[in-house]
Amino acid sequence: MKEYVELSTLQVSTAASLILVNAVISLALRLRLERSLLIASVRTILQLLLIGLVLHWVFQVEEIVVVISLLAIMTGIAGYTAFTRTSHAYAGMLLDSMVAVWASSWFVLAFAMVAVLQGARSWHDPQYAIPLLGMILGNTLNGITLGLAGVLEGFRSGRDQVETLLTLGATRWEAAREVIQKALTTAMTPIINSMMVVGIVSLPGMMTGQLLSGVEPIQAVKYQIVIMFLIASATALGSVGVVLLAYRRLFSRQHQFRYDAIQSRK
1465 MKEYVELSTL QVSTAASLIL VNAVISLALR LRLERSLLIA SVRTILQLLL
1515 IGLVLHWVFQ VEEIVVVISL LAIMTGIAGY TAFTRTSHAY AGMLLDSMVA
1565 VWASSWFVLA FAMVAVLQGA RSWHDPQYAI PLLGMILGNT LNGITLGLAG
1615 VLEGFRSGRD QVETLLTLGA TRWEAAREVI QKALTTAMTP IINSMMVVGI
1665 VSLPGMMTGQ LLSGVEPIQA VKYQIVIMFL IASATALGSV GVVLLAYRRL
1715 FSRQHQFRYD AIQSRK
């Protein structure tokens, strides 16, 4: 196995200097993005250095309480972020978002650690659990956000159709099914598109990182295949979960559409 090139501070700084290209473009075209670029650059460095120090400590300690706590924090932030990314909301949406993110990502992570990565030292091995959950959460977050936005916008714009179907005797599911189907299609399309072109148009981050660190290409490919299917599964479960939870909140058991429950954030 080839050894990876250990980067010095000077080499990292050299790569970071490329942000000046963005700054020059902003100045030349008067985009006024210089302040945002500076803040984004500083945050990138500080955030990554911080998580690097945290992971270094966690990998050394390997205490189950520490690992689970970090995983829980990551999941909580993802659930809250999904909740904040939509232009409309309803009472209980934060809880629905948290439940969908938590259930889907942790189920898939548990499956990976127990059934797939049987060579790991333990089911909570931080070397595998933390990076895997991070990748799963990033994609599940996008799916849940798109699912929530799609179902809320669908019910808002399709209010007349939904209420007409209910008036004609349709059940709440029959009235909402088309909106739910469109929302889930929107939520799952990005991961399907990624799977269509992976390895041809793009080399995913995990595979690229392993190749740079000297892992044999075939092993890197195997890991990436595992990751893609874990991500796809978690995205589907999370999207379906949050959309169905929203559906239950917005329709009563008496098949009444609670349109007034949908509120604009503005």
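Be aware that the sequence shown starts at 1465, since it is given in our numbering, and climbs by one per residue.
Quick reminder that beta carbons are idealized off the backbone N, C-alpha and C, glycines included.
Is the beta carbon of residue j closer than 8 Å to that of residue i?
i: H1719; j: L1632; result: no
i: M1538; j: L1601; result: yes
i: S1561; j: I1608; result: yes
i: I1726; j: L1616; result: yes
i: L1709; j: V1572; result: no
i: K1646; j: G1598; result: no
i: I1644; j: V1690; result: no
i: M1671; j: V1685; result: yes
i: G1705; j: S1569; result: no
i: V1522; j: V1531; result: yes
i: S1505; j: I1483; result: yes
i: Y1711; j: A1640; result: yes
i: W1587; j: V1578; result: yes
i: E1638; j: P1590; result: no
DSSP three-state label for residue i, please.
i: H1520; result: helix
i: V1662; result: strand
i: A1639; result: helix
i: A1555; result: coil
i: S1677; result: coil
i: Q1727; result: strand
Here's the rule I'm using: 16 or more other beta-carbon atoms within 10 Å means buried, otherwise exposed. How should residue i be labelled?
i: Q1734; result: Residue 1734 lies beyond the residue range present for the chain, which begins at 1465 and ends at 1730; the question has no answer from this structure.
i: S1703; result: buried
i: M1557; result: buried
i: T1628; result: exposed
i: S1716; result: exposed
i: R1636; result: buried
i: T1604; result: buried
i: M1659; result: exposed
i: G1540; result: exposed
i: T1478; result: exposed
i: V1565; result: buried
i: A1576; result: buried
i: P1681; result: exposed
i: A1542; result: buried
i: T1699; result: buried
i: L1474; result: exposed
Could you tell me how far apart the beta carbons of residue i and residue j are, in whole angstroms, since I believe they sit closer than 8 Å?
i: Q1544; j: R1623; result: It should be pointed out that residue 1544 corresponds to Tyr in this sequence rather than to Gln. That belief does not hold up - the Cβ atoms of Y1544 and R1623 are roughly 28 Å apart, past 8 Å.
i: L1510; j: N1486; result: The Cβ separation is near 18 Å, so there is no contact.
i: V1626; j: F1547; result: With 8 Å as the limit, V1626 and F1547 do not qualify as a contact, their Cβ atoms being about 24 Å apart.
i: I1655; j: I1594; result: Incorrect: roughly 21 Å between the Cβ atoms, too far for contact.
i: F1619; j: L1714; result: 6 Å
- Is the segment 1677-1687 in contact with the segment 1644-1652, if contact means three or more CB pairs nearer than 8 Å? By the Cβ criterion, the segment 1677-1687 is not in contact with the segment 1644-1652, since fewer than three pairs of Cβ atoms, one from each stretch, lie closer than 8 Å.
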